[in-house]
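In this note's numbering, the protein residues as written are 1493 to 1593.
The structure is reproduced here in structure tokens:
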């Protein structure tokens, strides 16, 4: 892949992180790295570009059976965590919308 022009990160307000067909995060870009750091403590280096970090987090390791199993377990955990979080986030909005009526 070659990128001739990479837009500034600050023009994006929301991000959707997918892996193997599952949503790992969907929301404000300012929250994405802290969300994964909370779930994977110590995984974010201060010298790592956030975009590279997200690629690493969402990547599926197929080099060895062990790497594939570890990635599968990590991605399942992240997808389940986001599913639980999204129910809370989006249910809260619906309750607030209903109370405005």
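By construction, the Cβ of each residue, glycine as well, lies at the ideal position given by its N, Cα and C atoms.
Restricting to Cα atoms, I'd like to know which of the options is closest to residue i.
| i | options | result |
| --- | --- | --- |
| residue 1517 | 1502, 1547, 1503 and 1539 | 1547 |
| residue 1523 | 1558, 1534 and 1506 | 1506 |
| residue 1544 | 1579, 1569, 1575 and 1525 | 1525 |
By Cβ distance below 8 angstroms, which residues in the same chain neighbour residue i in space, the five residues on each side in sequence not counted?
| i | result |
| --- | --- |
| residue 1502 | none |
| residue 1560 | 1552, 1553 and 1554 |
Among the residues of its own chain, which have a CB less than 7 angstroms from the CB of residue i, if the five just before and after it don't count?
| i | result |
| --- | --- |
| residue 1573 | 1531 |
| residue 1520 | 1505 and 1506 |
In this structure, how does DSSP classify residue i when only helix, strand and coil are distinguished?
| i | result |
| --- | --- |
| residue 1508 | strand |
| residue 1597 | With the chain running from 1493 to 1593 in the structure shown, residue 1597 is simply not present. |
| residue 1542 | helix |
| residue 1583 | helix |
Here's a check: name, in chain order, each residue in its chain whose Cβ is nearer than 6 angstroms to the Cβ of residue i, leaving out the five neighbours to either side.
| i | result |
| --- | --- |
| residue 1511 | 1550 and 1567 |
| residue 1563 | 1552 and 1553 |
Return the Cβ separation of residue i and residue j in integer angstroms, given the expectation that the two are a contact with Cβ distance under 8 angstroms.
| i | j | result |
| --- | --- | --- |
| residue 1537 | residue 1529 | Not confirmed; about 11 angstroms, so no contact. |
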